[in-house]
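Asker:
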Amino acid sequence: MTGTWRQFRSLPGSVRLLVVNQFGINLGFYLLMPYLANHLSAGLGMAAWTVGLVLGVRTLSQQGLFLLGGALADRLGYRPMIIAGCALRTVGFALLGLVDSLPALLVASAATGFAGALFNPSVRAYVAADAGPRRVEAFAVFNVFYQAGILVGPLVGLALTALDFGAVCLVAAAIFAVLTALQVRSLPARGGGAEASAGVLADWRTVVGNRAFLLFSLAMISSYVLSSQIYLALPLQAAHVLGVTAGDAGSTALFAVSAVVAVFGQVRLTEWVRARWDAGRAVAGGLGLMAASFVPLVMTAGLTGGAWALVPALVTTVLLTLGTAIAYPFEMDTIVTLSGGRIVATHYGFYNTLAGVGITLGNLATGWVWDVGAATGFPALVWIALATTGAVGTGALLLLNRTTARREAVR
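In this note's numbering, the protein residues as written are 796 to 1206.
1. How long is the line joining the alpha carbons of Y1026 and A1070, rounded to whole angstroms?
2. Roughly how many angstroms lie between the CA atoms of F1011 and A920, to the nearest whole one?
3. Nearest to V1090 by CA position, among T885, P1174, M828, P875, is which residue?
4. Thinking C-alpha only, which one of S1088, G1135, R1063, A1079 is nearest V933?
5. Which value, in whole angstroms, describes the spacing of the CA atoms of R811 and L955?
6. Grab me the residues of P1124's own chain with a C-beta within less than 6 Å of its C-beta, minus the 5 sequence neighbours each way, in chain order.
7. When the distance is taken between beta carbons, is G819 closer than 7 Å to L974?
8. Once the 5 residues before and after A991 are set aside, which same chain residues still bring their CB inside 8 Å of it?
9. Just to confirm the assignment, what range does the alpha helix (DSSP H) spanning V966 have?
10. Assuming Y1019 and I1154 form a contact by the criterion Cβ under 8 Å, report the distance between their Cβ atoms to the nearest whole angstrom.
11. Which same chain residues, not among the five before or five after A989, have their C-beta less than 7 Å away from its C-beta?
12. According to DSSP, is D895 helix, strand or coil?
13. I want to know whether the region 1171 to 1189 touches the region 1075 to 1090 - three or more CB-CB distances under 8 Å.
14. Which value, in whole angstroms, describes the spacing of the CA atoms of V1164 and L1176?
15. Rounded to whole angstroms, what is the Cα-Cα separation between G1060 and L855?
16. Once DSSP output is grouped into helix, strand and coil, what is the label at R1137?
17. Excluding five sequence neighbours on each side, which residues of the same chain lie with their C-beta closer than 6 Å to the C-beta of G892?
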């Protein structure tokens, strides 16, 4: 971790603030969200469909409004959107702990989602702007703090649930209130104004008309489908090999392993990759490793019973996390490069929207393939499908890299 701390200390003050801000964002979010479904069902006695509705509204309001949040950031500035997002999530999380009617819960859930749509593209565009030529290093450190928040948040939330779910919500809201005050006091203004002078619709047309960026975004959807399996297919596998009761502990172990690998390996891995590969090869190589990570489960899909049967899933988790860690800093840098440094937040917003749609459809498909494999006695089917998805995405990226290299050679 000394290398991470050294890199963090060397970054501009505004970037350090945003990195710490991201840790706080994930700490507050994961302190609460893993326990919300149980609160709604067991605590408030809501039906399963209403629990799904409340959670779905949060996801839809965030993923569906990323593009709007990015466009507003390019027009009004990154700082106001970051502050507004943190403030709105303060209100949303406080409401989740204070209300018990479905309409009020839906409002609170929508507010927390829209808050993410406001600050997510803005934070990344701000980091990219102030890090300058050190974008890759900055996003590597950013991901360390991002994952650390994911690791620590559920542990703090678990301790607070022993008191009361309302306490969980109020502590999460307090974290976002502190973050809001911190940004108001210390974050300089960036972005906005001339960057979006043509109008929001014109900016969206510019982004969609950026062919190289659009193709890259479509190819990278596969990476988000694969990385999201830490929340879907891998927990299902833990329950499959350990049983439903022990499966919860297995899922927690997988989640913790993923976060620890990212926290302790990200910066050193990024330094190693950067010394050997350009950005295009790094992103493709990372996605290729993510695809290959499912091979151990293809080979052992029929194993059940005993803690040892979870080992292939643990290996997959480690390889999947390493592949994500390889690709992520260079992926964020590539988006800025493909945008030409213009309306960067809008590009990030569009990219996140596509990723969100891909995750939703990909998880639906993954669940369906899982059921088909279970019904036909072919449990390896889902892992083959996921590995194939990653391989197709990797092939698309390699083709894009080759096409770009040819164009550069002609120039």
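Yeah, the Cβ is synthetic: ideal placement off N, Cα and C, and Gly gets one too.
Answerer: The short version:
1. Position 231 of the sequence shown, counted from the start, is the residue given in the question as residue 1026. Position 275 of the sequence shown, counted from the start, is the residue given in the question as residue 1070. Rounded to the nearest angstrom, the two C-alpha atoms are 32 Å apart.
2. As a position in the sequence shown, residue 1011 is number 216, starting the count at 1. As a position in the sequence shown, residue 920 is number 125, starting the count at 1. Cα to Cα, the separation comes out at about 18 Å.
3. If you number the sequence shown from 1, residue 1090 lands on position 295. When each option's Cα is compared against that of V1090, the closest is P1174.
4. Numbered from 1 along the sequence shown, position 138 holds the residue referred to as residue 933. Note that residue 933 is Ala in the sequence shown, not Val. Answer by Cα proximity: R1063.
5. Here residue 811 refers to the residue found at position 16 of the sequence shown. Here residue 955 refers to the residue found at position 160 of the sequence shown. Whole-angstrom Cα-Cα distance: 29 Å.
6. Taking the sequence shown and counting its residues from 1, one reaches residue 1124 at position 329. Taken in chain order, the residues that qualify are V931, F934, A935, T1065.
7. Here residue 974 corresponds to residue number 179 of the sequence shown, with the count starting at 1. Here residue 819 corresponds to residue number 24 of the sequence shown, with the count starting at 1. In contact: L974 and G819 (Cβ atoms closer than 7 Å).
8. Working through the sequence shown from its first residue, we reach residue 991 at position 196. Summary for A991: the model assigns pLDDT 46, below 50, so the residue's position carries little reliability; its value from the coordinates is reported in the next sentence. These residues qualify, in order along the chain: A866, D869, R870, D998, I1138, T1141.
9. For the purposes of this step, residue 966 is taken as the residue at position 171 of the sequence shown. V966 -> alpha helix (DSSP H) spans 960 to 981.
10. On the sequence shown, residue 1019 is found 224 positions in, with the first residue counted as 1. On the sequence shown, residue 1154 is found 359 positions in, with the first residue counted as 1. Right, their Cβ atoms sit about 5 Å apart.
11. By 1-based counting over the sequence shown, the position of residue 989 is 194. Legend: pLDDT at A989 = 49, less than 50; position of this residue unreliable, no value from coordinates given.
12. Along the sequence shown, read from residue 1 onward, the residue named residue 895 stands at position 100. It is coil, neither helix nor strand.
13. yes
14. The residue given as residue 1164 occupies position 369 in the sequence shown. The residue given as residue 1176 occupies position 381 in the sequence shown. Their backbone Cα atoms lie some 7 Å apart in a straight line.
15. Walking along the sequence shown from the start, residue 1060 turns up at place 265. Walking along the sequence shown from the start, residue 855 turns up at place 60. In a straight line, the C-alpha of G1060 is about 32 Å away from that of L855.
16. Position 342 of the sequence shown, counting from 1, holds the residue named residue 1137. DSSP places R1137 in coil when its eight states are reduced to three.
17. Indexing the sequence shown from 1 puts residue 892 at position 97. Excluding positions up to five away in sequence, the list reads G961, C964, L965.
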